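S.K.: First residue of the sequence shown: 1, per full-length UniProt numbering; consecutive thereafter.
Have a look at the structure that comes next, please.
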Amino acid sequence: GQLPKGKEEFSSMADVYNHELTPLQKHVAFFDRNKDGVIHPSETYEGFRAIGCGVALSAFSAVFINGLLGPKTIPENMKVGAFKFPIYVKNIHKGKHGSDSGVYDANGRFVPEKFEEIFKKHAHTRAVYDGSLFVKLEQERKQAKESAKKK
Numbered sequence: 001g002q003l004p005k006g007k008e009e010f011s012s013m014a015d016v017y018n019h020e021l022t023p024l025q026k027h028v029a030f031f032d033r034n035k036d037g038v039i040h041p042s043e044t045y046e047g048f049r050a051i052g053c054g055v056a057l058s059a060f061s062a063v064f065i066n067g068l069l070g071p072k073t074i075p076e077n078m079k080v081g082a083f084k085f086p087i088y089v090k091n092i093h094k095g096k097h098g099s100d101s102g103v104y105d106a107n108g109r110f111v112p113e114k115f116e117e118i119f120k121k122h123a124h125t126r127a128v129y130d131g132s133l134f135v136k137l138e139q140e141r142k143q144a145k146e147s148a149k150k151k
């Protein structure tokens with residue numbers, strides 16, 4: 001069937017999930033709460049709240065992250081309303097910046113050597129980079145809420 005006018009680009013953006021995601025795409029996909037391929041500031045906010053961040057930090061993060069990354073990831077020839085700041089999962093590799101750790105290459109692929117170098121230096125876990133940490137934090141938070149309700 002035909003999609004309603006204006007929904008075509010969202011459908012094509014959701015196609016990103018029909019293919020193997022790059023590690024960088026996996027890292028940000030947690031925040032694409034409705035899995036349409038586009039992360040709106042409200043979804044970034046919801047994602048931060050889901051992992052236990054407070055209202056203020058979640059709101060600041062949504063504005064900051066979407067404000068910086070959104071414009072860099074907008075597909076060419078696509079017009080987006082002012083101050084919408086959507087982040088397109090498919091194009092997240094375009095959001096790389098000078099202060100990046102180098103754990104992802106220019107195409108969003110994971111660079112294990114760079115990760116190991118950082119891991120040895122800072123002892124962080126791989127889960128931060130593949131997005132699984134976010135899912136784990138959200139699940140733990142939900143379980144804690146459920147056990148609190150049962151008491």
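Yeah, the Cβ is synthetic: ideal placement off N, Cα and C, and Gly gets one too.
Computed from a predicted model, the values in this text were never measured in an experiment.
With DSSP as the reference, label residue 51 as helix, strand or coil.
M.R.: In the structure shown, residue 51 sits in coil (DSSP, three-state: anything other than H, G, I, E or B).
S.K.: Report buried or exposed for residue 56, applying the criterion of at least 16 other Cβ atoms within 10 angstroms of its Cβ.
M.R.: Residue 56 should be labelled exposed.
S.K.: Can you list, in chain order, the residues of its chain with a C-beta nearer than 7 Å to that of residue 69? Leave out the 5 residues immediately preceding and following it.
M.R.: So the list reads 87, 95, once near-sequence residues are dropped.
S.K.: Starting from the C-beta of residue 74, find all residues in its chain whose C-beta is less than 6 Å away, skip the five residues before and the five after it, and write them out in chain order.
M.R.: Hits under 6 Å: 80.
S.K.: Roughly how many angstroms lie between the CA atoms of residue 146 and residue 134, to the nearest whole one?
M.R.: Spanning the two alpha carbons is a distance of roughly 18 Å.
S.K.: When we look at the beta-carbon of residue 13 and count the other beta-carbons within 10 Å, is it buried (16 or more) or exposed?
M.R.: That one is buried.
S.K.: Count the other C-beta atoms from every protein chain shown that fall within 10 angstroms of the C-beta of residue 37, then say buried if there are 16 or more, exposed otherwise.
M.R.: Buried: at least 16 other Cβ atoms inside 10 Å.
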